[in-house]
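J.: Numbering (numbering that gives the first Met the number 0), first residue to last: 0 to 161.
Sharing a structure here in structure tokens format.
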Amino acid sequence: MKKLFVPIVLGVVALVLAACGGGTPEPVSYDINMTEYAYSPENLNLKVGQEVTLNLINSGQLQHEIMFGREVMKMDNRPAGYMVDMFEASGVEPEVHQEGEPEHGHDEEMHEGFMVALPIDGTGTIKFTVTEDMVGEWEMGCFEQDGVHYDAGMIGSVTVTK
Numbered sequence: 000m001k002k003l004f005v006p007i008v009l010g011v012v013a014l015v016l017a018a019c020g021g022g023t024p025e026p027v028s029y030d031i032n033m034t035e036y037a038y039s040p041e042n043l044n045l046k047v048g049q050e051v052t053l054n055l056i057n058s059g060q061l062q063h064e065i066m067f068g069r070e071v072m073k074m075d076n077r078p079a080g081y082m083v084d085m086f087e088a089s090g091v092e093p094e095v096h097q098e099g100e101p102e103h104g105h106d107e108e109m110h111e112g113f114m115v116a117l118p119i120d121g122t123g124t125i126k127f128t129v130t131e132d133m134v135g136e137w138e139m140g141c142f143e144q145d146g147v148h149y150d151a152g153m154i155g156s157v158t159v160t161k
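Pasting the structure below:
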């Protein structure tokens with residue numbers, strides 16, 4: 000009986016350690032298609048520590064952009080970005096690559112916060128690692144044409160968990 004006790008205890012300890020040792024989550028890549036007036040997929044699920052690549056494709060007939068944040072701000076009573084930018088709030092500077100006429104970064108004249116705008120048939124990528132400061136619910140939105148795209152429903156959700 001004693002001979003079986005030690006292997007059983009070691010097996011149980013190994014199972015407990017394996018279950019607790021979450022480790023780094025696998026990298027994830029999403030292809031985000033931008034059209035009039037939607038993102039596909041419209042919901043992203045990310046985990047802290049995960050390396051994320053967002054492949055952006057504008058297959059619409061208009062220029063589109065993507066921003067990530069909370070609390071929509073208004074300019075002249077129109078949606079114009081987020082009061083809380085996901086990247087700025089978490090201290091993350093995403094890596095951006097674009098095809099077509101590149102436009103990314105902060106555009107104080109149009110709206111606050113980090114954004115990537117793509118011309119018709121434009122493509123691009125955003126790469127970043129999810130941090131603890133990103134945990135929670137965020138929104139992604141397009142505020143082109145003075146917020147018309149946002150009002151037309153070009154929004155999605157980003158859920159970040161531990």
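Idealized CB from N, CA, C, for every residue including glycine.
Could you check where the beta strand (DSSP E) with Glu-131 kicks off and where it finishes?
T.: Run containing Glu-131: none; DSSP gives neither H nor E here.
J.: State yes or no: is the C-beta of Lys-46 within less than 7 angstroms of the C-beta of Pro-24?
T.: yes
J.: I'd like to confirm the pairing. Which residues does DSSP put opposite His-63 in its beta bridges?
T.: Note: His-63 sits in a beta bridge opposite Leu-117.
J.: At what residues does the alpha helix (DSSP H) containing Glu-87 begin and finish?
T.: 85-89
J.: Considering only the beta carbon of each residue, do Val-152 and Tyr-36 sit closer than 7 angstroms?
T.: According to the sequence provided, residue 152 is Gly. The question's Val does not apply to it. For Gly-152 and Tyr-36, yes; Cβs fall inside 7 angstroms.
J.: Decide if Gly-22 is buried, meaning its Cβ has at least 16 other Cβ atoms within 10 Å, or exposed.
T.: exposed
J.: Out of Met-139, Val-71, Thr-158 and Glu-92, which one is the CA nearest neighbour of Ile-65?
T.: Met-139
J.: What alpha helix (DSSP H) runs, 4 residues minimum, are completely inside the segment 25-56?
T.: none
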